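Protein chains in written order, with numbering that gives the first Met the number 0: chain A, 0 to 200; chain B, 0 to 164. Before any comments, here is the structure.
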Amino acid sequence: MAHWHTEAKEITATFAIVGPARSGKSSVLRCVFDRIAPARRGVLAPSGTGPAAGPLLDWLPLDLGQLGGWHVQVHLYAIPLVAHADATRRVVLTDADGVLFVTDSQASRLEDNVVALRDLRDQLAARPAPGLAPMMVYLHNKRDLPAELLLSAAALDEAINPEGAPSFECDALRGVGVLEALHASVTLVMRRLVPRAGAAS
Amino acid sequence: MTAPRAASWAFHEEDSVRIHGVLLEFLRESSSRTALLVDRAGQMLITVGEPPNFDPTAFASLTAADFSANDQLARLLGESEFGTLFHQGERESLYLADIARRVILVVLFDNRTTLGLVKLRLRATVGDLSSIFTAMFARDTGTSGHVDAAFVGEAEDELDKLFGS
Numbered sequence: 000m001a002h003w004h005t006e007a008k009e010i011t012a013t014f015a016i017v018g019p020a021r022s023g024k025s026s027v028l029r030c031v032f033d034r035i036a037p038a039r040r041g042v043l044a045p046s047g048t049g050p051a052a053g054p055l056l057d058w059l060p061l062d063l064g065q066l067g068g069w070h071v072q073v074h075l076y077a078i079p080l081v082a083h084a085d086a087t088r089r090v091v092l093t094d095a096d097g098v099l100f101v102t103d104s105q106a107s108r109l110e111d112n113v114v115a116l117r118d119l120r121d122q123l124a125a126r127p128a129p130g131l132a133p134m135m136v137y138l139h140n141k142r143d144l145p146a147e148l149l150l151s152a153a154a155l156d157e158a159i160n161p162e163g164a165p166s167f168e169c170d171a172l173r174g175v176g177v178l179e180a181l182h183a184s185v186t187l188v189m190r191r192l193v194p195r196a197g198a199a200s
Numbered sequence: 000m001t002a003p004r005a006a007s008w009a010f011h012e013e014d015s016v017r018i019h020g021v022l023l024e025f026l027r028e029s030s031s032r033t034a035l036l037v038d039r040a041g042q043m044l045i046t047v048g049e050p051p052n053f054d055p056t057a058f059a060s061l062t063a064a065d066f067s068a069n070d071q072l073a074r075l076l077g078e079s080e081f082g083t084l085f086h087q088g089e090r091e092s093l094y095l096a097d098i099a100r101r102v103i104l105v106v107l108f109d110n111r112t113t114l115g116l117v118k119l120r121l122r123a124t125v126g127d128l129s130s131i132f133t134a135m136f137a138r139d140t141g142t143s144g145h146v147d148a149a150f151v152g153e154a155e156d157e158l159d160k161l162f163g164s
């Protein structure tokens, strides 16, 4: 959850990019890195997925600049869905303001999407403040694949997004839909920060 | 221990001064080298004592992951958590303690002191810090702020520019 440094007038918001294995989480982060002006983003810190591959997450900081007298930063984390990244995933989810859930749109992967979402909900329920859930946005990825392999976005939403959170059709490899989804997610989180921005100043 | 309900929280200058005071007193009484506070999300909050000679960002992330992994171990044993962790090295050792379920106190010490003395002095320090942080979380949760129109307006304009819409 957002960190407020009142002396430095800084706010840092955390976003977790999650989803089933090979749904395109790292590609989403890479797409953001490629399309945001270098002056506004940090260095992409990529991970491997093996046990000895270093930190088990990809991390990208974005600088939103001065907003209403506060310096706002956004940290994006993509965490691989492997067992040995479980502790890392819990740490990031503990403080996530927003979650970008990357689904694999292929009909054959529906069950994987459902399982990953169920795991996510279990982990969010274990947060110290479970009542304040992070803002969810869904990215239905791999829309570039042949239509006969894919579920429609409406069918995916019906299966895994019954609460009607914002969802976007994406092709992370070509950058389609990713920035739109991130824009929606960051906007939702910023709107939720507003009462606190006034309170802490 | 009741989990704090704070959604987000803020350090004020007076919090920082009080926490520094508590940690300096602890370092003096226990002859430890350095005390660090890291939040459960892996961000370094405060360092007191001898400046550490390692990358603080990596250290904070690994500390948070260490505590999180040990939470899982505790649950396997039917415990809700392990409140403290100890890592012993040949020259340097680490003692980690949970503060109000949101923050981790890390103490670095060497053979100028003993584990027993560190543990003894830490007990009161953990109590003092828990009170400070619990009050901080309660204060920030209970604050009813005013909507700052400048913030939301500027945020949405800036996001439009950043994401090119």
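Beta carbons are placed, not taken as given, at the ideal position from N, Cα and C, and that holds for glycine. Remember, predicted model here, so these are calculated numbers, not experimental data.
{"Query": "Whole-Å CB distance - Leu-178(A) paired with Arg-89(A), under 8 Å assumed", "Result": "At roughly 28 Å, the Cβ-Cβ gap does not stay under 8 Å, so Leu-178(A) and Arg-89(A) are not in contact."}
{"Query": "is_contact[His-70(A), chain B] using C-beta, thresh 9 Å", "Result": "no"}
{"Query": "Of the listed residues Lys-118(B), Ala-57(B), Ala-99(B) and Glu-80(B), nearest to Phe-108(B) (C-alpha basis)", "Result": "Lys-118(B)"}
{"Query": "Under the three-state DSSP convention, the category Asp-57(A) falls into", "Result": "strand"}
{"Query": "Rounded straight-line distance, which links the Cα of Leu-116(A) to that of Ser-104(A)", "Result": "14 Å"}
{"Query": "Assigned exposure category for Phe-66(B) - 16 Cβ within 10 Å defines buried", "Result": "buried"}
{"Query": "Where Phe-32(A) sits in the DSSP three-state scheme", "Result": "helix"}
{"Query": "Reduced DSSP category for Ile-159(A) - H, G, I as helix; E, B as strand; rest coil", "Result": "helix"}
{"Query": "Residues that DSSP places opposite Glu-168(A) in a beta bridge", "Result": "His-139(A)"}
{"Query": "Beta carbon proximity, Gln-87(B) to chain A, threshold 9 Å", "Result": "no"}
{"Query": "Cβ contact check for the stretch 98-114 of chain A and the stretch 14-30 of chain A: 3 or more pairs under 8 Å", "Result": "yes"}
{"Query": "Residue of Arg-39(B), Gly-82(B) and Glu-78(B) minimising C-alpha distance to Thr-62(B)", "Result": "Arg-39(B)"}
{"Query": "Counted within 10 angstroms of its Cβ, other Cβ atoms place Gly-20(B) as buried (16 or more) or exposed", "Result": "exposed"}
{"Query": "Chain-ordered chain B contacts of Val-90(A) [CB-CB under 8 Å]", "Result": "Arg-39, Ala-40, Gly-41, Ser-60, Ala-63, Ala-64 and Ser-67"}
{"Query": "Nearest residue (CA-CA) to Pro-51(B), options Ser-92(B), Arg-100(B) and Arg-17(B)", "Result": "Ser-92(B)"}
{"Query": "Nearest-angstrom Cα separation, counted from His-182(A) out to Ala-124(A)", "Result": "26 Å"}
{"Query": "Whole-angstrom distance between Leu-75(A) and Val-42(A), CA atom to CA atom", "Result": "12 Å"}
{"Query": "Helix, strand or coil at Phe-150(B) according to DSSP, with G and I counted as helix", "Result": "helix"}
{"Query": "Unbroken stretches of the beta strand (DSSP E), 3 residues or longer, contained in the stretch 103-136 of chain A", "Result": "none"}
{"Query": "Cβ pair count under 8 Å reaching 3, the stretch 57-73 of chain A against the stretch 23-40 of chain A", "Result": "yes"}
{"Query": "Whole-angstrom distance between Cys-30(A) and Arg-111(B), CA atom to CA atom", "Result": "51 Å"}
{"Query": "Contact with chain A by Glu-157(B), beta-carbon distance below 9 Å", "Result": "yes"}
{"Query": "Segment limits, alpha helix (DSSP H) that includes Glu-91(B)", "Result": "Neither: Glu-91(B) is in no alpha helix (DSSP H) and is coded neither H nor E."}
{"Query": "N-terminal and C-terminal residue of the alpha helix (DSSP H) that Gln-71(B) is part of", "Result": "55-75"}
{"Query": "CA-to-CA distance, Ala-96(B) to Ser-143(B), given in whole angstroms", "Result": "Reliability fails at Ser-143(B), whose pLDDT of 36 lies under 50, so the model's placement of it is uncertain and the value that follows must be treated cautiously. The straight-line gap from Cα to Cα measures roughly 32 Å."}
{"Query": "DSSP-derived helix/strand/coil call for Phe-10(B)", "Result": "strand"}
{"Query": "Cβ-Cβ distance between Leu-114(B) and Phe-136(B) below 9 Å", "Result": "no"}
{"Query": "Chain A within 9 Å of Asp-70(B), Cβ atoms only", "Result": "yes"}
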